[in-house]
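Residue numbers (this note's numbering): 60 to 309. Glycine residues also receive a C-beta, built at the ideal position from the N, C-alpha and C atoms. Please read these numbers as outputs of a predicted model, since none were measured by experiment.
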Amino acid sequence: AQSILQLTQEHLKSGKTSSKLPKKTLSIFLLTILGGFLVVAMLLSLEEKGLKGRKGVKGILIGIIGVAIIFTFSRSSYLALVAGILVYLGFKSPKLIGILVAIVLALTSFVTPVRQRVVGAISLDITARQRLVSWNEAWQVIRVNPVVGVGYNLYGQARQSVGLRYKAYNIPYNPAQAGSDSSLLTIWATAGVGGLLVYLLLFWKIWRAGSVAEKSAVSALLVHSLFVNSLLLPPFMIVIWIIYNKISNQ
Numbered sequence: 060a061q062s063i064l065q066l067t068q069e070h071l072k073s074g075k076t077s078s079k080l081p082k083k084t085l086s087i088f089l090l091t092i093l094g095g096f097l098v099v100a101m102l103l104s105l106e107e108k109g110l111k112g113r114k115g116v117k118g119i120l121i122g123i124i125g126v127a128i129i130f131t132f133s134r135s136s137y138l139a140l141v142a143g144i145l146v147y148l149g150f151k152s153p154k155l156i157g158i159l160v161a162i163v164l165a166l167t168s169f170v171t172p173v174r175q176r177v178v179g180a181i182s183l184d185i186t187a188r189q190r191l192v193s194w195n196e197a198w199q200v201i202r203v204n205p206v207v208g209v210g211y212n213l214y215g216q217a218r219q220s221v222g223l224r225y226k227a228y229n230i231p232y233n234p235a236q237a238g239s240d241s242s243l244l245t246i247w248a249t250a251g252v253g254g255l256l257v258y259l260l261l262f263w264k265i266w267r268a269g270s271v272a273e274k275s276a277v278s279a280l281l282v283h284s285l286f287v288n289s290l291l292l293p294p295f296m297i298v299i300w301i302i303y304n305k306i307s308n309q
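Right, here's the structure in full:
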């Protein structure tokens with residue numbers, strides 16, 4: 060979260076934005092990352108251990124985080140949250156899934172910005188189209204060497220080798236330089252099938268040995284990573300390895 064805020068401050072201080080890229084494009088990227096982090100934090104806070112005598116406080120904090128997630132207007136964060144809660148309710152109380160569906164429908168129907176974001180995904184607005192282009196470009200890079208990959212941190216060079224070029228955006232951080240708009244595609248492209256399987260095995264071990272809250276959090280993160288290169292960002296990597304270390308020492 061601190062790195063996200065730092066990027067925002069640098070962007071605001073610079074006061075420079077390419078005419079080809081509106082300022083809100085960077086804001087959407089940052090809010091998407093922040094939204095994903097809030098989703099993971101919210102789901103992990105559902106952990107039952109240590110809640111005795113503090114359920115009221117935790118309930119309030121979870122509610123505040125939930126409202127904050129809604130106001131990021133990040134579709135990938137919405138999907139991640141729904142996926143995580145579905146996993147949690149599937150283990151804890153399947154009967155409440157109907158209530159979750161009703162809440163999602165209500166928010167989509169009555170909160171105009173949320174409805175616009177959902178409609179934009181269905182009608183393929185500019186950000187949705189950019190993700191499709193990014194996924195297609197990632198597949199072209201994967202085809203170069205699908206077995207062992209092109210090498211870690213060499214996605215940009217491999218991208219150029221297949222005739223793809225970046226647009227010059229004058230922003231502090233261009234996510235397209237690090238990989239595609241999908242963590243799994245980026246890992247496959249750079250580390251090959253073996254690297255991808257190792258990463259999936261890591262998630263499988265957390266799913267098998269983790270608590271329900273941890274299962275929900277990693278499920279949400281996996282969904283979020285389908286649309287953002289979040290699995291390779293430090294805030295999310297720290298969470299993954301802390302959870303893995305915890306279950307490894309049980």
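Going by other Cβ atoms of all chains shown within 10 Å of its Cβ, with 16 needed for buried, is TYR211 buried or exposed?
Along the sequence shown, one-based indexing puts residue 211 at 152. Flag for TYR211 reads exposed.
Alpha carbon to alpha carbon, how far is PHE96 from ALA217? Give it in angstroms, no decimals.
Translated into the one-based positions of the sequence shown, residue 217 becomes position 158. Translated into the one-based positions of the sequence shown, residue 96 becomes position 37. Cα to Cα, ALA217 sits roughly 29 Å from PHE96.
May I ask you to report which of helix, strand or coil DSSP gives GLY202?
Within the sequence shown, the letter at position 143 stands for residue 202. The amino acid at residue 202 is misidentified as Gly; the sequence shows Arg. Coil, per DSSP.
Below 8 Å on the Cβ atoms is my guess for ARG174 versus SER168; work out the distance and round it to an integer in Å.
By 1-based counting over the sequence shown, the position of residue 174 is 115. By 1-based counting over the sequence shown, the position of residue 168 is 109. Going by Cβ atoms, the distance from ARG174 to SER168 rounds to 7 Å, so yes, they are a contact pair.
Cut-off 6 Å between Cβ atoms - residues of its own chain near THR245, not counting five sequence neighbours on either side
Position 186 of the sequence shown, counted from the start, is the residue given in the question as residue 245. Setting aside the 5 residues that flank it on each side, THR245 is surrounded in the same chain by GLY238, SER239, ASN288, each with a C-beta closer than 6 Å to its C-beta; the list follows chain order.
Measuring straight from C-alpha to C-alpha, what distance separates SER270 and VAL221?
Counting from one through the sequence shown, the residue named residue 270 turns up at place 211. Counting from one through the sequence shown, the residue named residue 221 turns up at place 162. Answer to the nearest angstrom: the Cα atoms are 43 Å apart.
Length of the line joining the Cα atoms of ILE121 and ALA100:
Residue numbering aside, residue 121 sits at position 62 when the sequence shown is read from its first letter. Residue numbering aside, residue 100 sits at position 41 when the sequence shown is read from its first letter. Their backbone Cα atoms lie some 9 Å apart in a straight line.
Given GLY254, which residues of its chain have a CB within under 8 Å of its CB, disregarding the five upstream and five downstream residues?
The sequence position of residue 254 within the sequence shown is 195, counting from 1. The residues are GLY208, ILE246, TRP247.
Secondary structure at VAL221, three-state DSSP: helix, strand or coil?
As a first step, residue 221 must be located in the sequence shown, where it is residue number 162. If DSSP states are grouped into helix, strand and coil, VAL221 belongs with coil.
Measuring alpha carbon to alpha carbon, tell me which of GLY251, LEU103, LYS264 ends up nearest VAL200.
Position 141 of the sequence shown, counting from 1, holds the residue named residue 200. Of GLY251, LEU103, LYS264, the residue nearest in Cα terms is GLY251.
From LEU90 to ARG202, what does the alpha carbon distance come to, in whole angstroms?
Locating residue 90 in the sequence shown gives position 31, where the first residue counts as 1. Locating residue 202 in the sequence shown gives position 143, where the first residue counts as 1. Their backbone Cα atoms lie some 32 Å apart in a straight line.
Please return the same chain residues whose Cβ sits closer than 7 Å to the Cβ of GLY157, not counting the five positions on each side in sequence.
Along the sequence shown, one-based indexing puts residue 157 at 98. Hits under 7 Å: none found.
When you compare only the Cα positions, how much space is there between SER133 and GLN309?
On the sequence shown, residue 133 is found 74 positions in, with the first residue counted as 1. On the sequence shown, residue 309 is found 250 positions in, with the first residue counted as 1. Approximately 35 Å, taken between the alpha carbons.
Buried or exposed for ILE185, going by 16 or more other Cβ atoms inside 10 Å?
Here residue 185 is taken as the residue at index 126 of the sequence shown, counted from 1. By the 10 Å Cβ count, ILE185 comes out exposed.
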